[in-house]
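A.B. asks: Going by this note's numbering, the first residue of the sequence shown is number -3, and it counts up by one from there.
In this text, a Cβ means the ideal position worked out from N, Cα and C, and glycines have one as well.
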Amino acid sequence: MKLVYMIINYNDASSVLDLWNQIKDYTSIDEVLVVDNHSSDDSFSVLKKIKQKKLRVIQTESNRGYGSAINYGTNDVLKRYSDAYIVISNADIVVSSEKDLITLTKGLEKKNVGITAPTIIEHGIKNRGWKLPTPGQDILENLVYFGRKFQKKRMYPESHYQKKTSVVDVVSGCVFLMKASTIRDAGYFDENVFLYYEENIMARKLETLQLKSVLYNDITFVHNHSVSIDKSVKRLNKYKILKKSQAYFEKYYNHANRFERFLLWLTNWISYGILAIVYFFQDRIKS
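1. Pick out the complete alpha helix (DSSP H) segments inside the segment 23 to 73, 4 residues or longer, and give them in chain order.
2. How far does the beta strand (DSSP E) with Thr99 in it reach, from first residue to last?
3. Between which two residues does the beta strand (DSSP E) carrying Lys208 extend?
4. Measure the CB-CB distance between Ser24 and Glu94 and report whether it falls below 8 Å.
5. Over the uninterrupted alpha helix (DSSP H) stretch that includes Val274, give me the two end residues.
6. Is it right to say Tyr68 is buried, meaning 16 or more other beta carbons lie within 10 angstroms of its own, or is it exposed?
7. If I measure Cβ to Cβ from Val163 and keep anything under 8 Å in the same chain, skipping five residues before and after, which residues do I get?
8. Quick one: what's got a C-beta closer than 8 Å to Gly125's C-beta in the same chain, skipping five residues either side?
9. When the distance is taken between beta carbons, is Gln55 closer than 8 Å to Asp32?
10. Can you give me the C-alpha to C-alpha distance between Lys227 and Glu203, rounded to a whole angstrom?
11. What residue ranges within the segment 148 to 180 form continuous beta strand (DSSP E) runs of no fewer than 3 residues, ordered along the chain?
12. CB Leu15 to CB Ile98, shorter than 8 Å?
13. Looking at the strands, I want to know which residues DSSP matches up with Leu136.
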């Protein structure tokens, strides 16, 4: 079966080029597929200029979110191959080695495995997946400044990661591996969320198929997620997108009842108001 390394790009051609230069000589990779998610800069034209047999660059018709871009790329793969192993990756990823990539790919051959993923290092902190939240946990995590305390309860204890691999509910969406056929059989990524909660939704879909997400504890990829100081409007918009995705997940995938959905809405807007005031004064102080 072919191995396709799919890179989702939005306005970050330089990171795509860095990742391409890392993996272009990996003989295990049959194709590097760049899905430009309708970038607003010249990313697509820059990347299309690279003429390499192994590299394929396509562009979505519009930016409908991360999950939609994955679906677009998956359909492109399935049009050309009966099936394939796909590495789904952000552009700003550092792959540890080709050997590790091969190990992750072989993990998909095991029975009842839907996803394999490396341990992620982001800002010096390990991301090793998490438990799916209950509606009550999402409500508590909505409480601004207190949410982080409750969020920790969804993390697995250190003892969970003592073996070579660990089964987790959800893995980080920045880089993971799936078969193209598994994405198709799961009904693809839900395009009703633009950003955030894609991983949780796919985890629920895999549960339905009785497939597991397997994290490799001794394989580490780095996510060079950029740290930028956003203005208050941009930060608040991100918060609104996050909570819109949360509400959608809770209603359609986590079976939250009406009262729970009301509490989600209430805690969300109380926290939104507090953050709006805090960000306003932070920006005033900085300016």
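C.D. replies: The structure says:
1. 39 to 44
2. Premise fails: Thr99 lies in the alpha helix (DSSP H), Glu94 to Gly103, not in any beta strand (DSSP E).
3. Lys208 to His219
4. yes
5. Arg254 to Lys282
6. buried
7. Lys208, Ser209, Val210 and Leu211
8. Ala113, Tyr152, Ser162, Val164, Asp165, Val166, Val167, Ser168, Ser209 and Leu211
9. yes
10. Confidence is the limiting factor: at Lys227 the pLDDT is only 43, short of 50, which leaves the residue's position unreliable, though a coordinate-based value still follows. In a straight line, the C-alpha of Lys227 is about 39 Å away from that of Glu203.
11. 161 to 164 and 171 to 175
12. no
13. According to DSSP, Leu136 bridges with nothing at all.
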